[in-house]
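Residue numbers (the working numbering), protein chains in the order written: chain B, 14 to 114; chain X, 14 to 114. Notes follow the structure.
Number of protein chains: 2
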Amino acid sequence: MYGLIGKMIAAEGKRDDLIRILSEGTGSMPGCLSYIIASDPTDANAIWITEVWESKESHEASLKLPSVQAAIAKGRPMIAGFGERFITEPIGGYGLVKSKP
Amino acid sequence: MYGLIGKMIAAEGKRDDLIRILSEGTGSMPGCLSYIIASDPTDANAIWITEVWESKESHEASLKLPSVQAAIAKGRPMIAGFGERFITEPIGGYGLVKSKP
């Protein structure tokens with residue numbers, strides 16, 4: 014499995030809009046086992062995204078999906094920057110859900 | 014919802030054992046919506062744990078469960094320390110699974 018933990022910084026006042034865009038379409042991404050979007054209680058503009066994919070390849074393929082491309086195009090103007098980013102190798106646990114084809 | 018992203022450092026050579034202990038019992042924790050254990054590909058002793066709970070209270074209550082207390086007692090000697098820790102407010106996404114009672 015392939016995991017990502019990342020912090021995204023929304024443009025001032027745009028966090029809710031950006032979270033809504035990020036939320037659209039999750040669940041219809043092949044190879045996605047978990048994709049959770051959270052706000053940061055210590056920073057009014059920060060968003061945490063934690064992801065688990067079957068493989069690095071399935072994550073990369075998702076970036077080419079029309080629905081994801083559309084979300085990226087729509088969300089990009091609302092992104093002011095990025096914070097921490099960690100790549101992980103998920104082993105197991107609870108909440109890894111095979112997405113429906 | 015209440016989220017945690019945290020890095021745990023295992024004692025030298027103990028990461029696999031610690032991951033196994035952490036994995037035992039996840040899924041039978043009331044209020045737990047996601048609990049994913051990952052290794053860090055850049056540090057042979059580091060573990061990332063990403064958690065989503067219904068509330069801060071359900072997380073705190075889980076620490077008192079006998080199964081979790083037992084895991085803590087068993088795992089503690091294998092923990093060398095902790096790294097980054099972030100509290101989040103999960104909004105949604107994919108892979109939030111209500112645990113069975």
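Cβ atoms here follow ideal geometry from the backbone N, Cα and C, with glycine treated the same way. Source: prediction; values computed, not measured.
Item	Value
Are there 16 or more other CB atoms within 10 angstroms of the CB of Ser-80 (chain B), so buried, or fewer, so exposed?	exposed
In the DSSP assignment, find the unbroken alpha helix (DSSP H) run with Lys-69 (chain B) in it and report its ends.	69-75
Residue range of the alpha helix (DSSP H) that Ala-24 (chain B) falls in?	Element bounds for Ala-24 (chain B): n/a, residue is neither H nor E.
On the CB-based measure, 16 or more other CB atoms within 10 Å of its CB, does Phe-99 (chain X) come out buried or exposed?	buried
Around the C-beta of Arg-28 (chain X), are 16 or more other C-beta atoms found within 10 angstroms, so that it is buried, or is it exposed?	buried
Under a Cβ-count criterion, where at least 16 other Cβ atoms within 10 Å of its own Cβ denotes burial, should Glu-73 (chain X) be classed as buried or exposed?	exposed
Are the beta-carbon atoms of Gly-108 (chain B) and Ile-49 (chain X) separated by less than 8 Å?	yes
Is any beta-carbon of chain X found at less than 8 Å from that of Ile-92 (chain B)?	no
Taking the C-alpha atoms as reference points, what is the distance between Ala-93 (chain X) and Gly-105 (chain B)?	21 Å
What did DSSP end up calling Gly-108 (chain X) once you bin it into helix, strand or coil?	coil
Return the CA-CA distance between Asp-56 (chain X) and Ile-34 (chain X), expressed in angstroms with no decimal places.	19 Å
Are the CB atoms of Gly-96 (chain B) and Ile-22 (chain B) within a distance shorter than 8 Å?	yes
Going by alpha carbons, who is nearest to Ile-32 (chain B) out of B:Met-91, B:Glu-70, B:Val-110?	B:Met-91
Output yes or no for whether 8 Å exceeds the beta carbon distance between Ser-52 (chain B) and Ile-62 (chain B).	no
Can you list, in chain order, the residues of its chain with a C-beta nearer than 6 Å to that of Glu-67 (chain X)? Leave out the 5 residues immediately preceding and following it.	Gly-44
At 8 Å on the CB atoms, spell out the chain X contacts of Trp-61 (chain B), in chain order.	Gly-16, Ile-18, Phe-99, Thr-101
Check whether chain B comes within 8 Å of Val-81 (chain X), counting only Cβ atoms and requiring the distance to be less than that.	no
Does DSSP put Pro-90 (chain X) in a helix, in a strand, or in coil?	helix
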